[in-house]
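In what follows, a single structure is set out as structure tokens and then discussed.
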Amino acid sequence: MATIELEHIRKEYGSDIAIEDLSLDVRDGEFVTLVGPSGCGKSTTIETIAGLTKPTSGTVSIGERDVTKLPPKDRGIAMVFQNIALFPHKNVYDNISFGLQLRTFDDTEIDRRVEQAADTVQLAGMLDRMPSEMSGGQRQRVAIARAIVRQPDAFLMDEPLANLDAELRVHMRTQLQRIHDELDTTIVYVTHDQAQAMTMSDRIAVIDDGDLQQFAPPLECYNQPANLFVAGFIGSPAMNFIEGKITGDGFRSERDIIDIDFDPQTIDARAGQEVVLGVRPEHVLPAKAASGAVSEPIDTYIDVTEPMGKEIFAYLVTDRGATVDMEDPGAAGQLLMSVSPTADISEGQSLSVVVDTSNLHLFDANTETAIAHGLAKQTGVESETTTNSGLSSDD
Amino acid sequence: MSHDTQPPQDGGDADTRGLFTNWVDSAIANPRKVYRAMFATVGIFFLFTTLFPLYWLTMIALSDGSRVSEGVGLLPTGFDPTSFIEIFQQVPFHLYMFNSLVFATLTTVFVLLIASLAGYAFGRLQFRGKRPMMLAVLVISFFPPAAFFIPLFQLFNQQISFLGITPPELYSTPGGVVVPLSAVFLPLAIFILTTFYGQIPDGLEDAARVEGTTRLGALFRVIIPLSAPGVATAGILTFIAVYNEFFFSFLMTGTAAQDWAPIVDGIISYRSQFQVRYDLMAAASIVAVLPVATLVVIAQEKIVSGLTSGALKE
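Residue numbers (our numbering), protein chains in the order written: chain A, 1 to 395; chain B, 1001 to 1314.
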């Protein structure tokens, strides 16, 4: 058990910068997920913690011990890899006990620990099999057993479930959470799958372009995204973005699609400021059904509907005859709405919708940072501008 | 149809044409016949050129020693299989073989050790100057070994010193053969191992290092075992090449078995001032081939590729 601390990590590959300036503070026993799009630097970050990659500058500490210059074997960590990486020439027992044998534990202790680890991941009775005789899920469990058997200070997991099929992934996700509860060890987990990030972690570190965007509990990232990137990345389907300007009495969208009235003073915005309004699909509501803190109705037409079973996604356009540009969901004049499956909507139909003003997000168009979350009423707006406690922003 | 397009060369009917013409006609209609014929020709030629000398050598070995000078045909002249025993009685041929095997084994061990380290660096690490260095290894491998011989001979006989240091006398020791031959056969092994080590997925090495090995430990515990076919190939090629090597092993050693003389000296020693025992030479040659032949048969089973299949999900 240990804390993990990254201070001003910078990693360059030749002239490419993989990590710009990353600082991260993982508490003891915490399950932290690094999430971001492909190539954002999250794998480089976890490799830096593991010691497989040396940072160009910055320090890595594990359990208050500076390990920046230590090789991976002396860092007290264990790692589960995306490609599982079992040793194909060794059987399950030898795979799990590999690290223990290198550290010259006595045989009975190794036996005891291997059996305990195999029990934890439900692999008992398979210890003499070869990796090639096992299914993907079983191999992944061996890899996890190999990690837990050494009782390391921290686990690093680099997309461990990425190569499993969907059903197995959900199953292993629950198992991992159970293992975390049992062992109570610090876990740093890398994924590009936000479902895993949301469900498993204590805190999420959203990384883009080698920079930490937000470091907060999952729901805080969802409800109070620190900037446009986090808002667009967390949540599926993605948040709607509407470009516009702050005026003396609220928000005016570029093409007058939607206007929200509020007092800009209360949220530290100034008139004339270019902003982006963000609204999640579930906060776009049919005007008929809505009441309370909602906007003026917007006239739209339903272009495409996607019935998902428990909900229906409806792609709305403000101009009759226009079609939704699926390539660019943020394009002006289109909105994505999520409604309950009982809603009476069909493609081509015109529909008047409102947005839930208590769940709106306002971002500065230039700096892309959040200005406010929730513009409940014309006056008395909740002005939670700095809700991201763990954020280390570069601007 | 072929009657019209392929008029017979002798101008006669199908009945009067020769066997060869008929075969050519049918071969044009059925090209697979030609491929079969070509395969048979090449196969028979290959088998004949490789196996016949061995067969004839056996016939000489089995011949009666006193009658070999009459000439040996497809069957032995006289019959005397005792020459296979006599070769060990007349000279300590087993010691000559032992010397050659020591050269081959030591060289193989050195070559595999050094080429493994080089192969790891070339195959798995990125560093400046990697390509020029590999090219240099390749170029050096094309130098004729004979070019190094005279300076090395003088060095090993302590006739010259290197940078003011006179090395121990390596002439007539295994060192005099193993050191230059290791250098000569290293490039090939380096290239084979570079290819094999380069194919082992990074994830496995990373896993080994996180589990507690150093880079070198990962090389010996994970990468080399998984590259077993490549290591075996490089090892066997080196072993056979050194075992068969004539130039350095003959010239860097004395002529007596206790002076580390190799097999070739043993074979030559059946030639005395008054007679040449061709039957003993032939028998000794056949016995000398046995270790290598055995090695190849065993190794063929050991060289199994696809050991890594199923190890990783790609």
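Glycine included, C-beta positions come from ideal geometry on N, C-alpha and C. Given the structure is predicted, the values throughout are model-derived calculations rather than measurements.
Under 7 Å Cβ-Cβ, which residues of chain A neighbour residue i?
i, result
"GLY1212 of chain B", "LYS73, GLY99, LEU102 and ARG103"
"VAL1231 of chain B", "Within chain A, no residue comes near VAL1231 of chain B; the closest Cβ sits about 13 Å away, beyond 7 Å."
"GLY1203 of chain B", "PHE81, ASN83 and ALA85"
"VAL1222 of chain B", "PHE87"
Could you tell me whether the Cβ of residue i comes closer than 8 Å to any Cβ of chain B?
i, result
"ASP16 of chain A", "no"
"PHE155 of chain A", "no"
"PRO88 of chain A", "yes"
"ASN91 of chain A", "no"
"GLU384 of chain A", "Note that GLU384 of chain A scores a pLDDT of 34, beneath 50, so its modelled location is shaky; the value from the coordinates is reported in the next line. It does not: the Cβ of GLU384 of chain A has no partner Cβ on chain B nearer than 8 Å."
"THR318 of chain A", "no"
"ILE4 of chain A", "no"
DSSP three-state label for residue i, please.
i, result
"ASN227 of chain A", "strand"
"HIS273 of chain A", "For the sequence presented, residue 273 of chain A should be read as Gln rather than His. Here GLN273 of chain A sits in coil by DSSP."
"SER352 of chain A", "strand"
"ARG10 of chain A", "strand"
"ARG203 of chain A", "strand"
"LYS245 of chain A", "strand"
"LEU1216 of chain B", "helix"
"ALA372 of chain A", "strand"
"VAL317 of chain A", "strand"
"ASP1080 of chain B", "coil"
"TYR189 of chain A", "strand"
"LEU336 of chain A", "strand"
"PHE1088 of chain B", "helix"
"VAL60 of chain A", "strand"
"ALA78 of chain A", "strand"
"SER1172 of chain B", "coil"
"MET157 of chain A", "strand"
"TYR1243 of chain B", "helix"
"PRO286 of chain A", "strand"
"PHE215 of chain A", "strand"
"VAL170 of chain A", "helix"
"SER1269 of chain B", "coil"
"PRO281 of chain A", "helix"
"HIS1094 of chain B", "helix"
"LEU1075 of chain B", "coil"
"ARG255 of chain A", "coil"
"SER15 of chain A", "coil"
"GLU311 of chain A", "coil"
"GLU133 of chain A", "helix"
"PHE1162 of chain B", "strand"
Name the chain B residues that come within less than 8 Å of residue i, Cβ to Cβ?
i, result
"LEU52 of chain A", "ASP1206, ARG1209 and VAL1210"
Give the single residue among the options whose Cα lies nearest to the Cα of residue i.
i, options, result
"ALA2 of chain A", "A:ASP28, A:VAL92 and A:LYS11", "A:ASP28"
"LYS54 of chain A", "A:GLY125, A:GLU12 and A:PRO217", "A:GLU12"
"ILE88 of chain A", "B:GLN1258, B:SER1227 and B:ALA1284", "Looking at the sequence shown, residue 88 of chain A is not Ile but Pro. The option with the nearest alpha carbon to PRO88 of chain A is B:SER1227."
"THR1194 of chain B", "B:ALA1293, B:SER1182 and B:ILE1114", "B:ILE1114"
"THR369 of chain A", "A:VAL275, A:ASP356, A:ASP319 and A:THR174", "A:VAL275"
"SER350 of chain A", "A:LEU316, A:LYS245 and A:ASP153", "A:LEU316"
"THR300 of chain A", "A:GLY348, A:ARG270 and A:THR185", "A:GLY348"
"CYS221 of chain A", "A:GLY14, A:ASP21 and A:VAL35", "A:VAL35"
"ALA78 of chain A", "A:PHE155, A:ALA231, A:ALA162 and A:THR342", "A:PHE155"
"ASP66 of chain A", "A:GLY278, A:GLU20 and A:GLU7", "A:GLU7"
"VAL149 of chain A", "A:SER352, A:GLY272, A:ARG103 and A:ARG203", "A:ARG103"
"PRO1180 of chain B", "B:GLY1065, B:ALA1104, B:TYR1096 and B:SER1272", "B:ALA1104"
"THR45 of chain A", "A:ASP319, A:ARG252, A:ILE258 and A:ASP158", "A:ASP158"
Kindly indicate if chain A contains any beta-carbon less than 8 Å away from that of residue i.
i, result
"VAL1304 of chain B", "Its pLDDT being 48, under 50, VAL1304 of chain B is placed unreliably by the model, and nothing is read from it."
"GLY1235 of chain B", "no"
"PRO1291 of chain B", "no"
"LEU1117 of chain B", "no"
"PRO1389 of chain B", "Given a span of 1001 to 1314 for chain B in the structure shown, any question on residue 1389 of chain B remains unanswerable."
"LEU1226 of chain B", "yes"
Residues of chain B with CB closer than 9 Å to the CB of residue i, please, in chain order.
i, result
"ALA78 of chain A", "VAL1210 and GLU1211"
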